[in-house]
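From first to last, the protein sequence lines are chains A and B. Just so you know, my numbering puts 317 at position 281 of the first sequence, and the rest follows in order with no gaps. Just so you know, my numbering puts 505 at position 54 of the second sequence, and the rest follows in order with no gaps.
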Amino acid sequence: MRLSLAALSGRAVRITGIRSQELNPGLRDFEASFIRLMDKVTNGSRIEINETGTTLYYQPGILLGGKIEHDCHPQRSIGYYLEALLCLAPFMKRPLKAILKGVTNDQTDPSVDTLKVTALPLMQRFGVDGEGLELKVIRRGMAPGGGDIYIYTDHMKGANSGKSPGFGLSLVAETINGTFLSAELASNPQGQGSPVLPEDLGQNCAKLLLEEVYRGGCVDSINQSLALLYMALGQQDVSKVQIGPLSPYTIEFLRHLKSFFQIVFKIEAQPMEEQKGGDKVLMTCIGVGFSNISKTVT
Amino acid sequence: MEDGVNKAHHQRHSGPKAARKKQRRLNGLGVGDEEDPRKRNPKAFTVQSAVRMAKTFHRAQDLKTKKHHIPVVDRTPLEPPPIVVVVVGPPKVGKSTLIRCLIRNFTKQKLTDIRGPVTIITGKKRRLSIIECGNDLNSMIDLAKVADLVLMLTDASFGFEMETFEFLNICQVHGFPKIMGVLTHLDTFKNNKQLRKTKKRLKHRFWTEVYQGAKLFYLSGMVHGEYQKQEIHNLGRFISVMKFRPLVWQMAHPYLLADRMEDLTNPEDVRKNRKCDRKVSMYGYLRGTYLRKSSQVHLPGVGDFTVNEAGFLPDPCPLPQQQKKRSLHEKERLIYAPMSGVGGIVYDKDAVYIDLGGSHAHRAEEEEQRPSHELVQSLFATHSTIDTKMASSKVSLFMDSKPLASEELDESGYKMAQEEKLFDPESGRVRRKAVFDGDGDDDEEMTENEEEEDDTASEDEAESEEEVDSRSQVDGGKEMSPWPLKVLKLEEKEAEVAVERPAFADADDDLEMDSEAELTDEEENESGDEEHDLSHDSEKAIVLSGDKTSKEESRLKTDLQKPMTGEQKEKEPTLNLEVDSADDDSTVDLTSPGISESKAPNPESSDIEEQKDDYKEKISLSLETTGGLKWKEGLAQRAADVFKQQSALNLQKLVYGAVSEEKDEDEEGDILGGIFHVSRPDTESKKKGNGLDSSIFPVKNPHDWDMEEAMNSVRDCFVTGKWESDKDATTLLGEDDEVYGAFEDLETGEVHTGKPGELKQDSEGGEEDDSGDPRGTEEDEEQTKRLDKKRKLKEMFNAEYDDGEGTYFHDLKEEMQKQAQLNRAEFDDQDDETRVQYEGFRPGMYIRVEIDNVPFEFVANFDSCYPLILGGLGTSEGNIGYLQMRLKKHRWHKKILKTRDPLVFSLGWRRFQTIPLYYIEDHNGRHRLLKYTPEHMHCSATIWGPITPQGTGFFAISPVADTSKGFRIAATGVVLDLDKSVTIVKKLKLVGFPFKIYKNTAFIKGMFNSALEVAKFENASIRSVSGIRGQLKKALRTPEGAFRASFEDKLLMSDIVFMRTWFPVSVPKLYNPVTSLLQPSSERGTWTGMRTVGQLKHDLGIKTKPTKDSLYKPIAREVKHFNPLYIPKMLQRALPFKSKPKNQEKLVGAPLDRQRVAVIKSSHERKISALLSALSTVNAYKVKKQHRKEHQQHKVFLVQKRKQQEDKIKRQKEARKKIYRMLGQKEKRKMKSSLKGHEEA
C-alpha cells in the first residue's frame, strides 16, 4: 500500500526492518510478486532490495498502464493485488488492462467478486468511468463460489474451477442510494484445518454481512481506504464521506496519506442512533488537487 | 357688408391644419403612419428566407456560447490576500514615483525608500501589495508569476523598450495577469499634434500585444516631482475596481510574496562557521491555494526546500471590521511595508517593535530586562522547541493578569499596534499600552523594562531593544541575550498555550476559578491539552501522547508517581519556568500541575480491552468511550456538549497520534527496562509492518446475531426499518420471536414490496403479517404519502418552470457554486488552529514559514529590492525527471538554437539551466534528433528538469544573453509529457566497401568489426551510393566483420555501400537552478552558469579543428596518357587490304588530334539547327525554283532575242540588198549614162 501511494506521490520510500526479528526474515513471496507487479505498471522506477530482503528502497517512476499480465503469488488472492491496482488505475498514462492470474478467493483478502460489486460502483461515484471499466473473472482459481438464491451465483465446472476444491460465499447488500456493503467467507483450503459445512459457512457469512450492516456507512469496510484515497486526491474542495468504524487497515492507510500527501482528515464520530446500527464516522478532507502527471497531452 | 353673401368655406388642402386632419382620418382607419415601420408594414418584415434566419440564429447562439468559460469552483477565501500589483518598466521611467504617488493617494503616507512589497488598504474589501520590478530579467520572471495586476510603465518620449516586450512575453507564457499600461513623460512633447500621434501609435502597439482595448493610462506632467493628483486618483480607482481572472498555475499552487526575511540561525553556529547553512524565516500573505505543513517549496533564485515549520500570524494589515460607512476611516488606511521600515518599526521574530521617541516611555522599556535574562538562560537550550510553539501566536507579557484567549489577543493587540505605528505616534507608540490599556499591564511592562535595563546597563540610552537584538544576532558569539525580550515572551506564551484550550473554553474557566482541580475536570483537561498540542505542533503531540500511553501501561504495575516523574522530565523546561515565575504568575502555576496530574486518572477509562494491544481493541475503546464514560454524567450540561467533540478528537488522535505513540513506547521501554523491551514492540510492530496487509475488517467480537438486541440494533438500517412512521416495524417485530422470521415478514410486508432488490437477505417464507397495523396509522400514512407526492410534483414543476433556460452550462455553474459554498461552510465555525490542521494554511492568511539549510549567501547577499517568492510545489513536483515539451524559437530571437546548447528555462516557479535536445516526430512516430531548431516551426524538446504538470508554459533564455544582444527570450513552449523513457534517435550511416563482387552478390568489409555485430544486423537493408539496394545476408569468416550481401544489380568495385541506422541519444542530466539570489546584487544580472561549447571555445581561444576531408586542397589533374592501339599480327593479316594499319596510316591525312572535333549539339541547338536546315531546304527549294523559272524565262528571252537578231539581220540583209540593188542600179545607170554619154558624149 505504501508502495502504491509512493507511486502516486512520486516520493521515494525506504522500508527497513522487514520481519528482521522473525525466523523467516525478509519479504514474503507474495510481496515480492506485488513489487514485480508495481514494476510492471510503472516506468523508470528503481527498486532496491538488500540481500536478506529486510530493506526495500522504492523510487517510483511514471505510471504507465497499458496491457500487462501478471502471475500473482498463490499465497494471497488476486484481491490483494487488485486493490492496489484499483488505486493506481485512474492515474495511469494509458488505460490499464491487467490480466492477473492467481487465487481468486481466499480467507485473508477480499475476493474478486466482492471487489467487483463494491469497488467498481464506488469508483464510478468518483467519476472514474468509461466503457472499459470492468472486472471479469475468466477462471476461478481456488474455489468455485457457491451462492444462494438472492446472491450472485457462480458455479464453475471442470477446468475453470481450478485445481483445488473449495467453496466460498460473498454477500452483498445494496442501499437505496446505490452503495454496496459486502461480506464474504471462503472455505478452508484443501488439506488445511477442519472441513467446513457449506451451511455453516453460509450462516456465518450472513452474520458477517449483518455485522457489516451494523457498521454501516456509505462505504463498506473493505473499500474505506479506496474511497478515502480518491477523496484525498480529488480537487481542492471539501469532500465528506460517512463510513462505519475505521478498520485497522484504514487507520494505517490514513497515516500513510498524511505522510505522503500531508492530508489530515477531520474525523467526527457520529453518535449511534436508535436502532440504526453502530457508530458512524464522518470523514472530511480537502483534496490535494492531484493531477495525472503521467498522461500525455497534445 | 350688410347683406353680402357669406364667403363660401374653403377646405384647407395643405398646411398644418390639413395635415392634422388627414392624420386623424387615417388613424381612424388604422393605417396612420406609425413610427415603427415594422408595425406599419409588417409584411415587409416577415421571414424572407428560412436559411438566413437559421443563420442569424446560429450566429447569435455562437456569440452567446463564446462568452462562456469553463466554470471553475470559486475558491477565493472570504478574506482574500492583497492583490499583487507589480510596477514594471525600464529604468528612469517613473516606477518608484508612481508607487509613491499611489501609496500617498490611498494612505496619505509618504514613503521615501521603498523596498519590497508595500501592502496598503485601499477599500473596504481590497488590499494591494505593490511591488516594484527592477529591470533585471530574473525579477521580471519571478514577479510575472505572482502578479495579479501589472502596471506597465512606458516612457512615451522614448517609446516602448525591449524590456517591455520581454516582460509581456514572460507574462504570456506563465498565464496572463491583468496588464494596464501607463504612459509617462508625456510633458516632454511640445507639439500637441505629435503628442496625439504618439499616444495613438503607442496605444495601438500596446493593444496588439495585450488585447484590443486594453487600458492605457496617460500620466501627463509632473507637479513638484509627483504625478498629478487627479490622474493618480483615477488610476487608483481603476485599480480598486478591477476584476481578476484566476490563473491556472497560481490557483493550483500556494505561494508567498515575502514581506520580510529573518535569519534565525543559532548565533553560536554562525560564530563557529561563518558559512554554515542558515535557518531562515519568511513572512507574507499566503496566496493561491492551501499550504500544508511540511510541504515542499521552491525559492526562485535559491532552490528547493522543505518547510520546516509554518505558523500563521495575525494580519498586520487587516481589512476594516465594520462595513457600515461608505468610505474608509483614516485609521483604517493601513500601510505595511516591513522592509521599507515604515514609521520606524522593526520586526522581531514574532513581535513588532516600535522605535520610540518619547523619553519616559523609553526609560520604562529599558527596565524590563533582568528577569527575562534568567529565564532566557534557563530556556536557552530548549529554545527551538518553544519556538515552534510560539510561531503561531503573538502575545505580550502578563505576569499577573489572567491569560486571554489567543483570538482576543490577536485581534485587539495587533491591530492597534498597526494603527499606532502609522497615525498615533504621540499616544500609542508604546505597543503594550496601546493594546491593553490597563494599569496592570503598565506595571508589568515596567518590571520588564527594569530588568532589561540591568542587563544592558552599559547600553546607550538611545538604543532600542530591537537594536540590541539585532546586534546580538550579528555578533553571535556573545555569551547570552540574543532576543532577551522575545524569549521571555515565548515563555509566557508557553504558559498560555498550556492554558488555552479553544475547544473547551468554558471548562477552562471553571478550572481557573476553583483552584482545586477536580478529578473529572482533569480528565477533560488532559484531552483538551492533547487536542491542543495536536493542533499546535506535532512534536509536542508526540511527546505528550507518548507519555500518556506509557503511563497508562505502567500504572498497572507501578504507582502513580512514576509517570509523573517521567512527565516532569519531558516537561522540564516548562516546569522550570513555572518554578521561576511561580511567585508572580499564579495562573500558570495552577494549570501546569493540572496537566501533569491529569495523566493519572485517565486510565480509569481504559478497560481490560486496552491490554490487548490490538488496533481493533483500540477502536472499540475509542468508540466505547463515547458511550461508556460514565463518570462524566455528573458534570454540568456543557460537559455533554463537549463530550461529542472529544470522542472525535480521540478518534483523530487514534489515527494520527498513534504512530508516534508507538515509537515513544518503544523508546520508553528501552529506558524503563527489559520487560517492555521484549514484550511490547513485538506484537505491535508485527501487526503494523509485517502483518498481513489485508483490507478486510477482522471481526474480533462479533455480535451474537441470534440475539434480539443485536438484531434490533441494525433493524432500522434496512429499508424495512423505521423510516417514515414509527409504527410498523416495532409492532411487527414485537410479535416475532425468531430473528430471521422478522426479516421475512418485513421483506414481504406492507411497506416495501416494490423494492425487493434492496434487501439481499434470505427470504423464503413469505408470511404476511399485517394484522398488527391499526387502521388509523394506515390512513395517516396515506395522507403523508399524498402530501409527499404533491410536494414532489410541485418541486418538479418549479424546477421546470424556473429553469426555462436551464442548460448544461447553468447546471454546471450551479454545481460549482454549491461546492464553493460547501467549501466555505465546512470549516467556517472552527478556529484557525484547527482549520489549519485540516486544510492547511488557507490563502489570505499572514503566515510565517521557517526553512532550514539555506545557503549562507542568501542571507549575506540579501537585497530587499529583489522579490523574494516562496512557491509551493504540488505532489511530485519536487522530483526531477525528463520532460517532453513543444517548443518554438521566438521569432524575435536572432539565432536559431542548437541542440545541446544550455539554456535557462523558466518553468513553474523555477528558473534553471538545462540542456535541451530538439527533435521532431517523423511520420512513423520516430523521434529524430534535430541539430538546430527549425526557423519558423514548432519542434519538440526533451530536458532533464523538475517534474511539472503537463500544459504548463515555459520559456527559455540564452544564458549568455545580455541586454545588448537584442531580444533575450529564445524560445517559448509548453510541457507535453513526462515520460521517463526517452526515445530520441539520430541517424547513423555505417559505411563499407565491396571487396569481391559476383553477379548480384558482393562481399563487403569495413562496416562492422566482428561477426557478432553483423549477426545483429542480418537482413538489414543496405544501399550503394549509386542507388543499388540490397540486403545484408550473413557474416563471413574472414576478414573479421565482413559479410555477404545481395543486391538488385551488380555492384562495381568502386561503389560504396552504406547502411542507415538509428542511434538512441541520451539526454544530458543537467539541472542547474539559477541561484541569482545567492549572488551579490551587483552580479545578479550576469549569472551565466554553464557556457555553450561555442562560448567556451571563444573564451579560451580554442579553434575548432575541421575534419581533414572538409578542407580545400589544390586540385592536381594528371595528364591522361593513352596507349597506342595495338592490333595483333594475325588480326592484321585477316584484315582487308584497305583496313590494314599500314595502309590506314597513309589514308589518314591529318593526324587524329588535328581533325575537327565532332560537335555534339544540345537539344536546343539541335532544334535550332533542324529549324535552320529546314529553313535552308525551303530556301534552297525556293531558290531552285526561282532559278528554274529564270532559266525558263531566259530561254524564252534568248529565243526572242535570237528571233529579233534574225529579224534584224534579215532586215539588215534586205536593207543591204536594197542598198546594193540601188547601188547596182545606180552604177548601172551611171554606166549607162557614161556609156551613153560617152556614147552621146
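Glycine included, C-beta positions come from ideal geometry on N, C-alpha and C. Bear in mind the structure is a predicted one, so any value in this text is a computation, not a measurement.
Taking the Cα positions, Gln1637 (chain B) is about 18 Å away from Ala1625 (chain B).
Per DSSP, reduced to three states, the secondary structure at Ala1496 (chain B) is strand. Secondary structure of Asp1262 (chain B) (DSSP, three-state): helix. Annotated as distal: Leu670 (chain B) and Glu660 (chain B), with beta-carbon spacing of 7 Å or more.
Taking a C-beta distance under 7 Å as the contact criterion, Leu1528 (chain B) and Val721 (chain B) do not qualify as a contact pair. Selection B:Gly672, B:Tyr734, B:Arg738, B:Ile690 evaluated against Leu698 (chain B) yields B:Arg738 as nearest (Cα-Cα). When the alpha-carbon of Gln260 (chain A) is set against those of A:Tyr285, A:Ile329, A:Ala48, the nearest one is in A:Tyr285. By the Cβ-count criterion, Gly280 (chain A) is buried, with 16 or more other Cβ atoms from all chains shown falling within 10 Å of its own Cβ.
Interface annotation, Val748 (chain B): not in contact with chain A, CB-CB separation never under 7 Å. Only buried fits Phe1406 (chain B), as 16 or more other CB atoms lie within 10 angstroms of its CB. Beta-bridge analysis with DSSP links Cys123 (chain A) to no other residue.
Contact annotation, Thr1350 (chain B) with Lys1382 (chain B): C-beta distance approximately 6 Å; criterion of less than 8 Å satisfied.
Between Thr639 (chain B) and the set B:Lys518, B:Arg647, B:Gly610, B:Gly672, the nearest pair of CA atoms involves B:Gly672. Contact with chain B is found for Val300 (chain A), since one of that chain's Cβ atoms lies less than 7 Å from the residue's Cβ. For the options B:Asn1304, B:Val1355, B:Ile1298, B:Ser691, the alpha carbon positioned closest to that of Pro765 (chain B) is the one of B:Ile1298.
Val597 (chain B) sits close to Tyr706 (chain B), with the two beta carbons spaced by under 7 Å. At a C-beta separation below 9 Å, Ile521 (chain B) has no neighbours in chain A, since its nearest C-beta there lies roughly 13 Å away. In this model, Ser45 (chain A) and Gln271 (chain A) are separated by some 15 Å (Cα to Cα). Distances from the CA of Asp1303 (chain B) to each of B:Ile550, B:His749, B:Trp700, B:Val539 were compared; the closest alpha carbon is that of B:His749. When C-beta distances to chain A are compared with 7 Å, the residues of the segment 1273-1291 of chain B below that value are Leu1273, Asn1274, Glu1277, Gln1288, Tyr1289, Glu1290, in chain order.
A check of alpha carbon separations from Pro96 (chain A) across A:Gly325, A:Glu84, A:Thr88 identifies A:Glu84 as the nearest. Under DSSP, the beta-bridge partners assigned to Lys1339 (chain B) are B:His1389, B:Thr1423. Chain B places a beta carbon closer than 7 Å to that of Thr332 (chain A), counting this residue as a contact. Looking at the DSSP output, Cys108 (chain A) shares a beta bridge with no other residue. Here the alpha carbon of Leu1338 (chain B) sits roughly 6 Å from the alpha carbon of Thr1423 (chain B).
Chain A has a Cβ within less than 7 Å of the Cβ of Gln1270 (chain B). In this structure, DSSP gives Pro533 (chain B) a state outside helix and strand, which the three-state scheme calls coil.
In the three-state reduction of the DSSP assignment, Met1296 (chain B) falls in the coil class. Here Ser1620 (chain B) has Lys1612 as same chain residues with Cβ atoms under 8 Å from its own Cβ, once five neighbours each way along the sequence are excluded. Among the residues of the segment 1332-1363 of chain B, none has a Cβ less than 7 Å away from any Cβ of chain A.
Every alpha helix (DSSP H) stretch that sits fully inside the segment 1538-1615 of chain B and reaches 4 residues is listed by chain position as 1544-1551, 1580-1585, 1592-1598.
Note on His1261 (chain B): under 16 other CB atoms within 10 angstroms of its CB, so exposed under the neighbour-count rule. At a beta-carbon threshold of 9 Å, the residues of chain A lying near Ala703 (chain B) are Gln272, Gly325, Ser327, ordered along the chain.
Pairwise C-beta distances place the segment 1470-1479 of chain B in contact with the segment 1497-1517 of chain B, as three or more of them are shorter than 8 Å.
With contacts defined as CB atoms closer than 7 Å, Lys1431 (chain B) and Gly80 (chain A) qualify as a contacting pair.
For His106 (chain A), the closest C-alpha among the options A:Val139, A:Arg130, A:Ala242 is that of A:Val139.
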